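Input: a single structure, listed below in structure tokens.
Chains as they are written, first to last, in the working numbering: chain W, 1 to 84; chain E, 1001 to 1145.
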């Protein structure tokens, strides 16, 4: 089982904060985006079009990154912490 | 998320005392000869709109990890003695403290440079997001692509 997390503005787009998926074999983030598109097509498109940042187990990743059972994948909008 | 210990990197709901953080830093080494601080506070006007409230969200563990990486790199690359980074999350009113960076070194020059680098790096790499409440509604701020 993998855990997917959505932060800030992406929670409304995905219509959830977190979800769990069972995967039989390792898959790429790109392949994962197809699964996400089944329930949240706009979110899936944003991942494929690289409009969001991605982390796997809290390290920055890309659509080519391969994810394995037990991984935590997070989708992150551009950061805005601190102040100008 | 505790203020009872002076961990060098913290993300916390509660406010912090700039004076207490500086005093804690001064105790780190008797070789400290200069301390530069950056304090970010809640601003009322943003892009022509009045903001009534701010709210910060973070990715727990990853955000703390990134701040610790910034601290370690600042010490290593700029030759400062130590750095602390504190960022608040949750609801923050206008004028309240948001983020504090304290850079301590033997001399002032490296502390100025390290402090400026650290706040820019924080904005670039740390998963913390700001939501502004204005008369038009609530909006997530996405300044940095």
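All C-beta atoms in this analysis are idealised placements derived from N, C-alpha and C, irrespective of residue type, glycine included.
In this text, all values refer to a predicted model and were calculated from it rather than measured experimentally.
Asked: List, in chain order, every chain E residue whose beta-carbon is nearer than 9 Å to that of residue 41 of chain W.; Found: Chain E residues near residue 41 of chain W: none, gap ~21 Å exceeds 9 Å.
Asked: For chain E, is any of its Cβ atoms less than 7 Å away from the one on residue 45 of chain W?; Found: no
Asked: Any heavy atom of the ligand COA closer than 6 Å to the Cβ of residue 2 of chain W?; Found: Absence of the ligand COA is noted for the structure shown, with no ligands found whatsoever.
Asked: How about residue 1105 of chain E and residue 1080 of chain E: are their beta carbons less than 7 Å apart?; Found: yes
Asked: Out of E/1013, E/1053, E/1025, E/1142, state which residue places its alpha-carbon closest to the alpha-carbon of residue 1095 of chain E.; Found: E/1053
Asked: Kindly indicate which three-state DSSP category residue 1013 of chain E falls into: helix, strand or coil?; Found: coil
Asked: Residue 20 of chain W and residue 43 of chain W: beta carbons closer than 7 Å?; Found: no
Asked: At the 7 Å Cβ level, is residue 1091 of chain E part of the contact set with chain W, yes or no?; Found: no
Asked: Does any residue of chain W bring its CB to less than 7 Å from the CB of residue 1122 of chain E?; Found: yes
Asked: Buried or exposed, going by whether 16 or more other CB atoms sit within 10 Å of the CB of residue 1110 of chain E?; Found: buried
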